[in-house]
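K.L.:
Remember, this note's numbering sits 554 above the position in the sequence shown when you count from 1. Glycine included, each C-beta is placed from N, C-alpha and C at the ideal position. Source: prediction; values computed, not measured.
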Amino acid sequence: MIAVLFPHFALLRVELIRPTGCTVRIQARGREPSAACPGCGTVSRRVHSGYERKMSDTAISNQQAILQLRVRRFFCGSSDCPKKTFAEQIPGLTFRHGRCTMLLRTVREAIALALGGRAGARLAELRRSESARTRCCGSSGPCPTRKSARCESWASTTSRSSGVTTTAPC
Ligand SMILES: [Zn+2]
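Here's what the structure looks like:
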């Protein structure tokens with residue numbers, strides 16, 4: 555069922571999906587036992603450590619979705635590689651330093667290119683697929699008002715820059 559509803563999670567082992575307030579939190583980890591070093595391409599299975607990474611995803615039934623991904627850091631096995639360790643990336647889902655999934659980034663870019671500025675911010679707000687809500691709130695408490703000062707601040711920032719996606723970092 556998850557593969558049908560969330561095809562971009564195909565390489566994840568979803569462990570828990572739980573609603574918290576107006577947010578759906580998804581706890582997951584990668585399925586693959588190894589990962590390729592981004593520096594040299596060497597595949598490693600030696601895990602150095604792990605940590606949790608939170609990222610926004612596209613809305614689920616108009617509820618904000620937060621992916622809580624357990625990420626492993628691997629040792630690179632190549633003595634020639636400048637990287638001693640590296641964090642795994644999930645192909646098609648995550649990217650380096652990204653705070654949203656690749657799918658959400660694609661949606662944001664499409665909105666920004668089509669509408670830009672305030673119109674794009676309003677549409678993203680309605681879709682709850684991110685925009686200011688997740689960035690300025692992201693809490694599990696009561697749903698915030700749509701006109702919070704920080705949200706407005708983000709909207710005006712985006713508007714000034716004509717919706718360039720770099721103003722809406724993931
Ligand atoms: Zn390497």
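Quick one: grab the DSSP three-state call for G530.
P.N.:
No information on residue 530 is available, as it lies outside the stretch 555 to 724 that the chain covers here.
K.L.:
Which of the three DSSP states is assigned to R599 in this structure?
P.N.:
coil
K.L.:
For M609, which beta-bridge partners are listed by DSSP?
P.N.:
L621
K.L.:
Residues in its own chain within less than 6 Å of L621 by CB, not counting five upstream and five downstream?
P.N.:
I580, M609 and D611
K.L.:
Measure from the alpha carbon of F629 to the alpha carbon of each residue in C591, E606, Q617 and E679, then state which is nearest.
P.N.:
The shortest C-alpha separation from F629 is found at C591.
K.L.:
What's the gap between the Cα of T574 and the Cα of G631?
P.N.:
41 Å
K.L.:
On the DSSP bridge assignment, give the partners of I589 in chain order.
P.N.:
The sequence given here has Ala at residue 589, not Ile. Note: A589 sits in a beta bridge opposite S598.
K.L.:
Given this structure, state the Cα-to-Cα distance separating R626 from C576, to the nearest angstrom.
P.N.:
29 Å
K.L.:
Answer yes or no: the CB of T596 versus the heavy atoms of ligand 1, is any distance below 7 Å?
P.N.:
yes
K.L.:
Cα separation between F649 and A582?
P.N.:
C-alpha separation (whole angstroms): 16 Å.
K.L.:
R659 CB to nearest chain C CB: under 8 Å?
P.N.:
Among the chains in the structure shown there is no chain C, since it carries only a single protein chain.
K.L.:
Starting from the N-terminal side, write out each stretch of the beta strand (DSSP E) that is 3 residues or longer and does not extend beyond the segment 613-673.
P.N.:
For the segment 613-673, the full-length beta strand (DSSP E) segments reaching 3 residues or more read 617-629 and 639-641 along the chain.
K.L.:
According to DSSP, is L680 helix, strand or coil?
P.N.:
Helix.
K.L.:
E642 to E663, Cα distance in whole Å?
P.N.:
24 Å
K.L.:
Rounded to whole angstroms, what is the Cα-Cα separation between G671 and L647?
P.N.:
26 Å
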